[in-house]
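Protein chains in written order, with this note's numbering: chain L, 57 to 679; chain W, 57 to 679.
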């Protein structure tokens, strides 16, 4: 069995199983097919490379969650030219994009990699030809060649997620035979493209080429680029996302010697190959790949490596321009305040207003990654039917990523809506990175709103205020006779209940009863506010909030048993309570009272169940 | 005001508003800034181009939903070299990728666009230099130059979404002065790269260059490429997605003359410019752009066009390699059968089993676009804690796009799970295109499962069967005494109810009562099956399904009023019914019976409300 699966350097997360996982199985198939390629020859310009075993062939894939899959033989080899994009990334990080761009171009040259020429600005054409790579290495931070090489090896190690070493024998051999690179170095010096001592720079450059890696390392290095510069194994920020986008561009146009155009056409991945048979390739935002097989074609690319990538690209749909399906804008959903309600339990009169006018409250729920195109679509939908003087909630909790442009466009959208007289409330994303990204939007709109339910409640309160219903604490207590649950009950029943209830006071923050406790009473809120919460995972989740006129704990009277939620007093709260014993006595004395109260409770539960069903139906629907 | 917004060719979908929308505002800003650029010169090689107004400058953006925004002056101009990628697309569609690739390379040449040379295989370097474009035009389907040009103009019109015309004066002038292109043509003929008559091919080529477009046309043409070959205005499939990926590749590497590398580095969009000052650019899967300003820089690219695109790329984050945020895999959610229930109303004994063992049923909900990387992540999560001999539902309803590779990997995953003894059920996507894409997966697993609820119910039934509970129709009727609602009620109440109920039979397909009807009875199912449905939009939505032992219409007894759902008999159904009148009489005679029944109803509602709350909590949570 050729599979190495996810064992190896990483702790395996796979359970024992009868069959290989889908990725392992696919990688094995590709390996078997590409392995049939036996043409090509190993590089021979130094004896150490000529000694490479032509039969060795390793293939690896790394996910952005830090899983690494590999198959075949995972041997170490010297990285050679595959180092170029990574050292270019370090130079961009050390010197800034503009400085580096002044010294090394980014234009495909159409010339061989070891060409001795510069462009019309006296720069090497790009950092993937030797001349450009040598100037790039000279730009690495450090006061001398030792410091510069330390930076190079530390940087490459950070990309790979493990400390890498140098093959000193290969280094010595390259140094002793590198006359063409020496010629390039002196030409660069002669035209002013290279400022450093030629031998010193070449010493760093030859050492950089002699760093030892394997196909799994290449996959992780590529995955670090795919992940915006963050190593998926270690979490280290190796270079910035701005640097990565430039490195990937150069890999896309110049990474595969004279095969770059056709490679991008067929395989469609930014990549870099080297003379020792390595090829690293990046699917941006998705996956990293590494391949190693020393048999090279006439252009200096690994024969099996290219065969494997062509197969991988086809079977995993990796081509940069292949995956442009209609994902866009499906991650937008709109609901309105007449259907979706806050967790604030409303009294009958309030419910009637929200039923009638709640559609003026619009909840725009965005999810997933947001960019200019997705916000263009949202903006169009929102503006198209925004009502003046309404409320617009942007619920961004499920946004996982927000490009700066999307934040800018959302800001413009909120300005537009406000100019039309709407109130705008923004609920920030749950993911820290996304929350940070939309910071300016929250600051400009609704820094005081903590969560989606608060936002909806805030809008409902504003709508109710238009109808003269204040959300401020009332000045008087809500008596039993005015309790929402008891509307329509006979006077006899109400006065009987009144006589049977006891008034209790709960300080703010106190627990009125706990989930799992024996249910022993029904509570009517006379003043203050309480919340029902349940344990969910390690934390508490709020189910509902109730104010004066609302009741809780009804199930005690129905079925006794244990409390299904904890009730906490949010403010100092005063309740009329009817104990189970008092109720039993009361029913015993007058079954009609019992029947009326049971019926009232059933009616209240039915209303809540209807609302829950309505909201679930909306949650379930997608346009 | 410079804005043209979405008016013009398209009916405006924008409401009147106080402020411009976010896209319009941004486009205006970019236009104003780029317009400051006054350097460069108009092309002068033919008098018609030299007469272009140097001050004209138009900018347009097209969404994949068919909205077009533009600003500045939207003048017509001859398309010139911007035609090249679109005619290349037509040639690929007409002749196939392999045939075209044998005749025209895809390697950036590093030479000027009007170079007279071919590569080592005797092909022009790529279809964006004149030599390559001429050979490409010669490959267009048609028996003569008229037929070929008809295909070209029809194809370009299909890309633009409107019938395009030719500027005959420009055509005549180009034909009369096109000696260099004639030289290229004869060289191509001499080396065997061109099979057709040189003058005939050049006639089509010159006419193709003289097609009249404006910046909005370029944006729509680019958006058609961004949209995988489907024109977003007309819905026409102009070319296939496979062709589009090749065209975009060549635009990325060779589209901007000798500025291609730096353009991709700075702007990061596949693009093509022309000598009349047009630039079309594509953000794959997202947006299309068009710009027109005839002042050209030394490389032949529009000065303001380049300035505008640099600004657009920065402000809309358009760079191909910039947007690689951590969106991946967030669109996967898992629930289990002990929390999430099918709409089949279960009896108490069944509920107890599902509470205890429902976790063996796993519902994997995937949403959004799926590719190899997203399925790698799903596979890892599923395999990691799959229980042998459990059930795995893949709910793909919200999948909007599925790359073939994702379908292949899901197939492999289901094979893996089955090898471990799990049952696998797949619920197909709602979107037709995505449903078609995952066809092979559905065929291989669960062609008989119609929707997500059926899938869950099927798994629940299988689990219940393990405990000896059959989902087959029972042989005997469920009597009143055995009805789930009445469990625990006193014998007196049960027998009183029994005496008050009437048995009724409903044929399969009949409506037992309709939403909005006056509620007048409670029903106990003795045999058969019914469903509760509500109108939602234009169609009916099923809320629940009930079999023998379940009851419905309880609210009639509680509050009378109108029915909130329609009940339909799925099969021939027999019910024990208790009318409101009978119940009132019964309560009048014995209030204890009324109290007990109200309490039973409240208890049943409470159980349903708890389940609804539990499911809503799960729906609301994302990992």
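All residues carry an ideal CB built from backbone N, CA and C; glycine is no exception. Note that the structure is a prediction, hence the values are computed from the model and not measured.
### Task
Select from the stretch 647-667 of chain L all residues with a C-beta closer than 7 Å to any C-beta belonging to chain W, and list them in chain order.
647, 648, 650, 651, 654, 655, 657, 658, 659, 661, 662, 664, 665 and 666
### Query
Of all the CB atoms in chain B, is at least one closer than 9 Å to the CB of residue 606 of chain L?
This model lacks chain B altogether, as its protein chains are L and W.
### Task
Would you mind stating whether residue 226 of chain L and residue 83 of chain L have Cβ atoms separated by less than 9 Å?
Within the first chain, numbered from 1, the residue matching residue 226 of chain L stands at position 170. Within the first chain, numbered from 1, the residue matching residue 83 of chain L stands at position 27. No, Cβ-Cβ distance for residue 226 of chain L and residue 83 of chain L is not below 9 Å.
### Task
Leaving aside the five residues before and after residue 283 of chain L along the sequence, list all residues of the same chain whose C-beta is less than 7 Å from its C-beta, in chain order.
Indexing the first chain from 1 puts residue 283 of chain L at position 227. Within the same chain, residue 283 of chain L has close Cβ partners 120.
### Message
For the structure I just gave you, are there three or more beta carbon pairs, one from the stretch 630-645 of chain L and one from the stretch 577-584 of chain L, closer than 8 Å?
### Response
yes
### Task
Anything in the stretch 580-603 of chain L with a Cβ closer than 8 Å to a Cβ of chain W? List those residues in chain order, please.
Within the stretch 580-603 of chain L, the residues whose Cβ lies closer than 8 Å to some Cβ of chain W are 590, 592, 597 and 599, listed in chain order.
### Helix, strand or coil at residue 347 of chain W according to DSSP, with G and I counted as helix
By one-based count along the second chain, residue 347 of chain W stands at place 291. Strand, per DSSP.
### Query
Which value, in whole angstroms, describes the spacing of the CA atoms of residue 446 of chain L and residue 419 of chain L?
In the first chain, counting from the first residue as 1, residue 446 of chain L sits at position 390. In the first chain, counting from the first residue as 1, residue 419 of chain L sits at position 363. The alpha-carbon atoms of residue 446 of chain L and residue 419 of chain L are separated by roughly 11 Å.
### Task
Reducing DSSP to helix, strand and coil, say where residue 171 of chain L ends up.
Against the first chain, residue 171 of chain L aligns to sequence position 115. It is coil, neither helix nor strand.
### Task
Using a Cβ cut-off of 9 Å (strictly closer), state whether residue 76 of chain W contacts chain L.
Looking up residue 76 of chain W in the second chain gives position 20. It does; some Cβ of chain L falls within 9 Å.
### Query
Does the beta carbon of residue 316 of chain L sit closer than 9 Å to a beta carbon anywhere in chain W?
Indexing the first chain from 1 puts residue 316 of chain L at position 260. So yes, residue 316 of chain L belongs to the interface.
### Query
Nearest chain L C-beta to residue 375 of chain W closer than 9 Å, yes or no?
Taking the second chain and counting its residues from 1, one reaches residue 375 of chain W at position 319. So yes, residue 375 of chain W belongs to the interface.
### Beta carbon of residue 630 of chain L nearer than 9 Å to that of residue 588 of chain L
Translated into the one-based positions of the first chain, residue 630 of chain L becomes position 574. Translated into the one-based positions of the first chain, residue 588 of chain L becomes position 532. For residue 630 of chain L and residue 588 of chain L, no; Cβs fall outside 9 Å.
### Query
Looking only at DSSP bridge pairs, what is residue 328 of chain W linked to?
One-based indexing of the second chain puts residue 328 of chain W at position 272. Paired residues: W/336.
### Task
Could you say which of W/563, W/564, W/604 and W/459 lies nearest to residue 531 of chain W if we only look at CA atoms?
The residue labelled residue 531 of chain W in the question sits at position 475 within the second chain. Nearest of W/563, W/564, W/604 and W/459 to residue 531 of chain W, Cα basis: W/604.
### Query
So what does DSSP say about residue 558 of chain L, is it helix, strand or coil?
Sequence index remark: in the first chain, residue 558 of chain L carries index 502 (1-based). In the three-state scheme derived from DSSP, where H, G and I count as helix and E and B as strand, residue 558 of chain L is classed as strand.
### At least 3 beta-carbon pairs within less than 8 Å: the stretch 137-156 of chain W vs the stretch 199-217 of chain W
yes
### Task
Tell me whether residue 558 of chain L is buried or exposed, calling it buried when 16 or more other Cβ atoms sit within 10 Å of its Cβ.
Walking along the first chain from the start, residue 558 of chain L turns up at place 502. Exposed: under 16 other Cβ atoms inside 10 Å.
#### Entry: Pairwise C-alpha distance: residue 236 of chain W and residue 191 of chain W
Residue 191 of chain W sits at position 135 when you count from the first residue of the second chain. Residue 236 of chain W sits at position 180 when you count from the first residue of the second chain. If I take the Cα positions, the gap works out to 15 Å.
### Task
Would you list the residues sitting across from residue 390 of chain L in a DSSP beta bridge?
Here residue 390 of chain L corresponds to residue number 334 of the first chain, with the count starting at 1. According to DSSP, residue 390 of chain L bridges with L/420.
### Task
Answer with buried or exposed for residue 388 of chain L, where buried requires no fewer than 16 other C-beta atoms within 10 angstroms of its C-beta.
Position 332 of the first chain, counted from the first residue, corresponds to residue 388 of chain L. The residue is buried, with at least 16 neighbouring Cβ atoms inside 10 Å.
### Query
Under 9 Å Cβ-Cβ, which residues of chain W neighbour residue 387 of chain L?
For the purposes of this step, residue 387 of chain L is identified with residue 331 of the first chain, where counting begins at 1. Taking a Cβ-Cβ threshold of 9 Å, the residues of chain W close to residue 387 of chain L are 387, 423, 424 and 456, in chain order.
#### Entry: From L/256, L/484, L/243 and L/239, residue whose alpha carbon lies closest to that of residue 199 of chain L
If you number the first chain from 1, residue 199 of chain L lands on position 143. Selected option, being the one with the closest Cα: L/256.
### Task
Please classify residue 499 of chain W: is it buried, with 16 or more other beta-carbons within 10 angstroms of its beta-carbon, or exposed?
Mapped onto the second chain, residue 499 of chain W falls at position 443. Classification of residue 499 of chain W: exposed, given that the 10 Å Cβ count is below 16.
### Query
Going by alpha carbons, who is nearest to residue 204 of chain W out of W/549, W/377, W/509 and W/150?
If you number the second chain from 1, residue 204 of chain W lands on position 148. Of all alpha-carbon atoms in W/549, W/377, W/509 and W/150, the one lying nearest the alpha-carbon of residue 204 of chain W is that of W/150.
### Query
If you measure from the beta carbon of residue 614 of chain W to each beta carbon in chain L, is any gap under 9 Å?
In the second chain, residue 614 of chain W corresponds to position 558, counting from 1. Yes, contact with chain L.
### Message
In the DSSP output, what is residue 114 of chain L paired with across the bridge?
### Response
By one-based count along the first chain, residue 114 of chain L stands at place 58. Paired residue(s): L/128 and L/348.
### Message
On a Cα-Cα basis, can you pick out the residue from W/333, W/292 and W/254 that is closest to residue 268 of chain W?
### Response
In the second chain, residue 268 of chain W corresponds to position 212, counting from 1. Nearest neighbour of residue 268 of chain W by Cα position, chosen from W/333, W/292 and W/254, turns out to be W/333.
### Query
What is the residue span of the beta strand (DSSP E) that residue 602 of chain L lies within?
Stepping through the first chain from its first residue, residue 602 of chain L is reached at position 546. 595-602 is the extent of the beta strand (DSSP E) around residue 602 of chain L.
### Message
For residue 314 of chain L and residue 487 of chain W, I'd like the C-alpha separation in whole angstroms.
### Response
For the purposes of this step, residue 314 of chain L is taken as the residue at position 258 of the first chain. For the purposes of this step, residue 487 of chain W is taken as the residue at position 431 of the second chain. C-alpha separation (whole angstroms): 43 Å.
### Entirely enclosed alpha helix (DSSP H) segments - the stretch 213-263 of chain W, minimum 4 residues
224-233 and 235-246
### Query
What are the boundary residues of the beta strand (DSSP E) that residue 585 of chain L is part of?
Residue mapping note: residue 585 of chain L aligns to position 529 of the first chain, counting from 1. Careful: residue 585 of chain L lies outside any beta strand (DSSP E) and carries neither H nor E.
### Query
Roughly how many angstroms separate the alpha carbons of residue 514 of chain L and residue 667 of chain L, rounded to a whole number?
Position 458 of the first chain, counting from 1, holds the residue named residue 514 of chain L. Position 611 of the first chain, counting from 1, holds the residue named residue 667 of chain L. The alpha-carbon atoms of residue 514 of chain L and residue 667 of chain L are separated by roughly 19 Å.
### Query
chain L beta carbons: is any one of them nearer than 9 Å to that of residue 391 of chain W?
In the second chain, the residue the question calls residue 391 of chain W occupies position 335. Cβ-Cβ to chain L under 9 Å: no for residue 391 of chain W.
### Message
Can you list, in chain order, the residues of its chain with a C-beta nearer than 7 Å to that of residue 591 of chain W? Leave out the 5 residues immediately preceding and following it.
### Response
Numbered from 1 along the second chain, position 535 holds the residue referred to as residue 591 of chain W. So the qualifying residues of the chain are 571.
#### Entry: Every unbroken alpha helix (DSSP H) inside the stretch 613-654 of chain L [4 residues or more]
636-645
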